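Peer 1: Heads up: the sequence shown runs through residues 289 to 608, numbered per this note's numbering.
Even for Gly, the Cβ is constructed at its ideal location relative to N, Cα and C.
The structure displayed is predicted, hence computed values, not measured ones.
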Amino acid sequence: ASQLHNLQFNCLVSSVIYDYEKQCYELQITNGNEQTKCYAKHVVCGIGTEPFIPSFCSKFLGKTVFHSSSYLCQKENLAQKNSVVVIGSGQSAAEIFFDLLQKVSGDSQKQLSWVTRSKGFFPMDYSKLALELTSPDYIKHFYHLQEHKKTEVLQSQSMLYKGINFSLIDRIYDRMYELAEDFGEIPVRLLTNTELRNVTQKNGKYLLDFFHLHQEKHYQQSADIVIFATGYQNTFPDFFAPVKERICWKDNGDLDIAFNYSIDVNGSEIFVQNAELLTHGFNAPDLGMGPHRNAIIINSILGYEYYQVEKNVAFQDFGV
């Protein structure tokens, strides 16, 4: 990065405006107290997603209720607390739970719970034929599916991108087995099919209202610390508001993202990265597919194939 003179860090884009006279985009940029502008014929937005936390919990956010993305920043505050609840079932939840598990002993005062509404703590599918779905061929197949079918397919693909590393599951289980051997009953609880419905505060603790989806029963649990490993969500950046009329939208208000990742009416000016889950499929946040997305975007900007885009790399056919 130090060798590239055209990288600018610590800069906040406050707005993107289309300059009709210059026929390009004007970006308003804030760097500390300095206000600057830059002009571009093409804009690629790769700011990613934002942490998601249920709305009824937002008022409690701080050092004792936080998203998994803040775990390392808040970790030192956990040592003096007696009860921690981790909510979620993905890789982040598993890594945090395993880290906290290292501090568990026979002390019954220290309680650690891992709760998810998912059906189980499932491993990510890393089998070779499943990995073929992380390919340009599958992205093309998914993109051309009917809209209602895309939603249905995504809901069935959790194990391809929302699961847990298989070896981590083994380490978690082995650690709990060792604790049970050393101390007998351990102050650790894992619950699936359990949905958080509400959070209140009472006597300095958080009271969590859960609902077990299979038993259809409500139950409550108190906690000193609540960690939400509840994933991320796409949000439309405020800085694009001035050029909203130049952006393509679906009838339901979602971005209408073209196959080349463009979102502007001309299909060649504004591009997005990791915002295309509903159009291009579960590969959207996959870092390994970054070079593929970059190649398509750069080729679209240049108007010819400077970077070769791989085709027919999968052994299986995804459609007839």
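Under the rule that 16 or more other beta-carbon atoms within 10 Å means buried, what is residue 425, buried or exposed?
Peer 2: Buried is the call here.
Peer 1: Cβ atoms of residue 481 and residue 500: under 8 Å apart, would you say?
Peer 2: Their beta carbons are under 8 Å apart, which means residue 500 touches residue 481 by this criterion.
Peer 1: Quick check on the DSSP output: the alpha helix (DSSP H) that includes residue 574 runs from which residue to which?
Peer 2: Looking at the DSSP string, residue 574 is not in any alpha helix (DSSP H), and its letter there is neither H nor E.
Peer 1: Taking the runs of the beta strand (DSSP E) that are 3 residues or longer, which of them lie wholly in the region 359-389?
Peer 2: Here the runs fully enclosed are 371-375.
Peer 1: In chain order, what residues of the same chain lie with their CB nearer than 8 Å to the CB of residue 454, ignoring the 5 residues before and after it?
Peer 2: Closer than 8 Å at the Cβ level, and outside the excluded window around residue 454, lie 411, 412, 414.
Peer 1: Can you check which of these residues, 312, 512, 339, 440, is closest to residue 522 by C-alpha distance?
Peer 2: Checked all of 312, 512, 339, 440; the closest Cα to residue 522 is 339.
Peer 1: With DSSP as the reference, label residue 330 as helix, strand or coil.
Peer 2: Here residue 330 sits in coil by DSSP.
Peer 1: What does the Cβ neighbour count give for residue 318, buried or exposed, with the cut at 16 atoms within 10 Å?
Peer 2: Exposed, by the Cβ-count rule.
Peer 1: Any idea if residue 601 is buried or exposed, counting beta-carbon neighbours within 10 angstroms, 16 or more meaning buried?
Peer 2: Its Cβ having fewer than 16 others within 10 Å, residue 601 is exposed.
Peer 1: Three-state secondary structure (DSSP) at residue 530?
Peer 2: Residue 530 falls in the helix class under three-state DSSP.
Peer 1: Between residue 559 and residue 323, what straight-line distance do the alpha-carbon atoms span, to the nearest angstrom?
Peer 2: When rounded, the distance between both Cα atoms is 24 Å.
Peer 1: What is the residue span of the beta strand (DSSP E) that residue 401 lies within?
Peer 2: That run of the beta strand (DSSP E) goes 399-403.
Peer 1: Under the rule that 16 or more other beta-carbon atoms within 10 Å means buried, what is residue 345, buried or exposed?
Peer 2: Its Cβ being crowded by 16 or more others within 10 Å, residue 345 is buried.
Peer 1: Would the beta-carbon of residue 376 fall within 8 Å of that of residue 352?
Peer 2: Taking 8 Å as the Cβ cut-off, residue 376 and residue 352 do not qualify as a contacting pair.
Peer 1: For residue 401, which residues from the same chain have a beta carbon less than 8 Å from its beta carbon, with the 5 sequence-adjacent residues on both sides left out?
Peer 2: Only 371, 372, 373, 374, 476, 477, 478, 479, 509, 511 meet the Cβ criterion.
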